[in-house]
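Structure, as structure tokens:
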Amino acid sequence: MPGLLASWFWCCRLMSFLLVGCGQMDISSRNSGIDSTDPNWNLFLHQLQTENQRQKFTEQVQTLTGRCWDVCFSDYRPPSKLDGKTQNCINNCVNRMIDASNFMVEHLQKMSTTEIS
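Under this note's numbering, the first residue of the sequence shown is numbered 6, with each subsequent residue one higher.
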């Protein structure tokens, strides 16, 4: 059960990172010639934004998996059972990657607001 709880925590943390760190694509502001009151258009935009977020999430999961796999499995073969040491390595790796990405996003946002001022 502790492994399941750790996986759940990791997924929640990754989701919050992706929703905040990667940002959301705002398509509606780019389409000035289209009637934004049309419910079909709004539904299409919502579906497109949802798919974009899903794609970003999948890309981030693949990136984190690849990087942490290389760090935690030095011989590129997982053991038959995930021991505590390897589980801690994976958790720490993912957490550090998320922390580093959040730091970079915050830093870039501060730089862009400073340049605008």
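Don't be surprised by glycine CBs; every beta carbon is placed ideally from N, CA and C.
- Here residue 87 is exposed, its C-beta having fewer than 16 other C-beta atoms within 10 Å.
- When DSSP states are grouped into helix, strand and coil, residue 104 belongs to the helix group.
- Here the C-alpha atom of residue 94 lies approximately 27 Å from the C-alpha atom of residue 58.
- Under the three-state reduction of DSSP output, residue 119 falls in the helix class.
- Nearest Cα to residue 65 within the set 117, 112, 114 and 107: 107.
- The continuous alpha helix (DSSP H) containing residue 63 extends over residues 44 to 77.
- Between residue 102 and residue 69, the beta carbon gap of about 6 Å places them in contact (Cβ cut-off 8 Å).
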